[in-house]
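The structure under discussion appears below in the form of structure tokens.
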């Protein structure tokens, strides 16, 4: 097998979709739209089965909550400083390893797991903490061999605007309503390395010798917030293109 992508997609649906972008780009809104779509329509239009979402935000937020508890107890914080920045940059990679660990448990515990589920793996990475070029190698081969990638493309200005708009101070742990401060968003996510990471090939990225198909979902015009038919049409076009890539004959990488 070595250098080639093992195409382990289902006959009709994606096994694993990796959804990446800047914060507030529209990732969670796309997931919400898919979850609320009739199952038969979702499979026919988008090649997506019942969704099983593995997102690193709840893991990250749990670390912050634990650190705040430790501070109140007068104990050292384990993961973050008082301003909410990681104490050690490698913790970003630990989160990706955790995504892989959680996926591995699903394969272990649920026979024929992908007969029922499309796994959505969601995360954001900025150049400041290694970007996608450092994050993707921490995904397991089990994920990469089954995966297809959707990068939701928005400018930093658009990410900042939507980040401000969606914030609900009463629900800072919410997938759909959490936000970062302007200062933190600027530091962590102004620079994004997706273009550099994907520059070698317009259709595939090579990670650990595995060629993974990808598409870019353009969302500068924000079709995701309303979750209407404009989102459905664009998603159908983008995922249709990704499905064809995933099913195409793939030559060995390198």
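Residue numbers (the working numbering): 3 to 256.
We put the beta carbon where it would ideally sit given N, CA and C, even for glycine.
Small disclaimer: the values here were computed from a predicted structure and weren't measured.
Notebook entry, point to check: If you draw a straight line from the C-alpha of residue 230 to the C-alpha of residue 247, how long is it?
Noted result: 26 Å
Item checked: Local conformation of residue 175 per DSSP, three classes -> Reliability fails at residue 175, whose pLDDT of 45 lies under 50, so the model's placement of it is uncertain and no value is given.
Next item on the list: Counting only runs of 4+ residues fully inside the region 178–252, write out the alpha helix (DSSP H) ranges in chain order.
Entry: 184–191, 196–199, 231–249
Next item on the list: Please report the residue range of the alpha helix (DSSP H) in which residue 48 lies.
Entry: 41–48
Check: With distances taken between CB atoms, is the gap from residue 197 to residue 156 smaller than 8 Å?
Finding: no
Margin query: By the three-class DSSP mapping on this structure, what secondary structure does residue 107 have?
Written below: helix
Note to self: Considering just the uninterrupted stretch of the alpha helix (DSSP H) at residue 19, what are its terminal residues?
What the structure shows: From DSSP, residue 19 is part of no alpha helix (DSSP H) but of the beta strand (DSSP E) over 18–23.
Item checked: Burial state of residue 164 (16 or more Cβ within 10 Å) -> buried
Item checked: Inter-residue Cα distance where the pair is residue 70 and residue 238 -> Going by the C-alpha atoms only, they are around 42 Å apart.
Note to self: So within the region 47–116, which uninterrupted alpha helix (DSSP H) runs reach at least 4 residues, ignoring any that extend past its ends?
What the structure shows: 58–74, 93–111
Check: Which class does residue 130 belong to by DSSP, given the choice of helix, strand or coil?
Finding: helix
Next item on the list: Figure out for me which residue from 122, 90, 202, 103 has the closest Cα to the Cα of residue 135.
Entry: 202
Notebook entry, point to check: Using CA coordinates, which residue listed in 15, 56, 42 is at the minimum distance from residue 33?
Noted result: If you compare the alpha carbons of 15, 56, 42 with that of residue 33, the shortest gap goes to 56.
Checklist line | Span of the alpha helix (DSSP H), counted from its first residue to its last, around residue 31 | finding: 29–37
Item checked: Cβ neighbours of residue 49 in the same chain (closer than 7 Å, five flanking residues each side left out) -> 14, 15, 16, 241, 245
Margin query: Less than 8 Å between the C-beta atoms of residue 131 and residue 91, yes or no?
Written below: At a Cβ-Cβ threshold of 8 Å, residue 131 and residue 91 count as neighbours.
Notebook entry, point to check: Taking the DSSP output, what are the residues bridged to residue 155?
Noted result: 220
Notebook entry, point to check: Of all the options 209, 212, 233, 144, which has the alpha carbon lying nearest to the alpha carbon of residue 220?
Noted result: Relative to the Cα of residue 220, the nearest Cα in the group 209, 212, 233, 144 belongs to 233.
Next item on the list: Indicate whether residue 98 and residue 147 have their beta-carbon atoms separated by less than 8 Å.
Entry: no
Item checked: CB of residue 102 within 8 Å of CB of residue 140, strictly -> yes
Check: Is there a Cβ from chain B that is less than 8 Å from the Cβ of residue 38?
Finding: Within the model displayed, chain B is absent; a lone protein chain is all it includes.
Next item on the list: Please classify residue 228: is it buried, with 16 or more other beta-carbons within 10 angstroms of its beta-carbon, or exposed?
Entry: exposed
Item checked: Cβ-Cβ separation, residue 25 to residue 182 (assumed contact under 8 Å), whole Å -> 6 Å
Next item on the list: Tell me where the alpha helix (DSSP H) around residue 26 begins and ends.
Entry: Element bounds for residue 26: n/a, residue is neither H nor E.
Margin query: Here's the rule: buried if 16 or more other CB atoms are within 10 angstroms of the residue's CB, otherwise exposed. What is residue 117?
Written below: exposed
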